[in-house]
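J.:
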Amino acid sequence: MEYTGSQYIGEYVDGRMEGKAEYILPTETRYVGEMKDGMFHGQGTLYFPSGSQFDAVWENGLVVKGEYTFSDGLQYDAEFWHYCDSYDRRFYTEICHGLKPAGISQLTNMDPPRKIPKGCYDCGDGFYDPVTRIVKDYKNRFLRNAGVTTEEVAAALIRIAWRLQNYDDEHEWIIRTCRKGWDEIVGHSLRP
């Protein structure tokens, strides 16, 4: 555990994590539930620093079935997901509390939205600086280099080399999709 930055509070069987437990990852994500042979197994919940959670049934470290709940109480349903889609563009908080008056826009589900540092993007779990290609959490702690996770750094060199070929994927997605920390004057579009 000391090498990964993780913390385990629970039972051991033959030196392996097994039984009821709490496993805390370096990202402050917590797993509370059952373990078997060092893996999530049985009923268990992942609690994320954002306040969201994933309740699941696990089998040998893999999810059998689960339910994700966002920090605001919105539950993800893969079959009937109609949140912020092309038919209804409202945020969940707008569905629960109503729309703002004309002229006042709500930019994110969090209202008021986080203030984004100039030159950075809000990528959902932190702020991304496209110059350094570093994502820091909302408390300004290092999360990852865009495109390379801490788990991958510890992985085999061959896997890392392969992933570096796709290094721009996360960077490009953030630049194209996420809210940025500065305003741009945008002109009107002429109709063809």
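Position 9 of the sequence shown, counted from 1, bears residue number 9 in full-length UniProt numbering, the numbering being contiguous throughout. Don't be surprised by glycine CBs; every beta carbon is placed ideally from N, CA and C. Quantities reported herein were computed from a predicted structural model and do not represent experimental measurements.
1. Pull up the distance between the alpha-carbon of T150 and that of Y3, whole angstroms please.
2. How is D122 classed by DSSP in three states: helix, strand or coil?
3. Would you grab the beta carbon distance between G10 and M35 for me? Rounded to a whole angstrom, and I think it's under 8 Å.
4. Please classify E28: does DSSP put it in a helix, a strand, or coil?
5. Note down, in chain order, each residue of its chain lying with its Cβ closer than 7 Å to the Cβ of E59, except the 5 sequence neighbours on either side.
6. Keeping to the same chain, check which residues put their C-beta closer than 7 Å to that of M17; ignore five residues upstream and five downstream.
7. Which residue from D129, L143, E79 and S52 puts its Cα closest to that of T69?
8. Contact defined as beta carbons within less than 8 Å: I believe Y47 pairs with V32. What is the distance between those atoms, to the nearest angstrom?
9. Do you know offhand how far K136's Cα is from P117's?
10. Could you tell me the distance, in whole angstroms, from the CA atom of F91 to the CA atom of E170?
T.: Considering the structure as presented:
1. Translated into the one-based positions of the sequence shown, residue 150 becomes position 150. Translated into the one-based positions of the sequence shown, residue 3 becomes position 3. The predicted position of T150 is uncertain, since its pLDDT is 48 and thus under 50; a value taken from the coordinates is nonetheless stated next. Going by the C-alpha atoms only, they are around 12 Å apart.
2. Counting from 1 along the sequence shown, the entry for residue 122 is found at position 122. Three-state DSSP puts D122 in a strand.
3. For the purposes of this step, residue 10 is taken as residue 10 along the sequence shown, with counting starting at 1. For the purposes of this step, residue 35 is taken as residue 35 along the sequence shown, with counting starting at 1. Their Cβ separation, rounded to whole angstroms, is 6 Å, which keeps G10 and M35 in contact under 8 Å.
4. In the sequence shown, residue 28 corresponds to position 28, counting from 1. It is coil, neither helix nor strand.
5. As a first step, residue 59 must be located in the sequence shown, where it is residue number 59. The residues are H41.
6. In the sequence shown, counting from the first residue as 1, residue 17 sits at position 17. The answer, listed in chain order, is Y8, G10, M35 and G38.
7. Walking along the sequence shown from the start, residue 69 turns up at place 69. Cα-wise, what sits closest to T69 is S52.
8. By one-based count along the sequence shown, residue 47 stands at place 47. By one-based count along the sequence shown, residue 32 stands at place 32. About 7 Å separates the Cβ atoms of Y47 and V32, confirming a contact at the 8 Å cut-off.
9. Here residue 136 refers to the residue found at position 136 of the sequence shown. Here residue 117 refers to the residue found at position 117 of the sequence shown. Looking at the two C-alpha atoms, the distance is approximately 11 Å.
10. As a working mapping, residue 91 is identified with position 91 in the sequence shown. As a working mapping, residue 170 is identified with position 170 in the sequence shown. Each residue's alpha carbon lies about 24 Å from the other.
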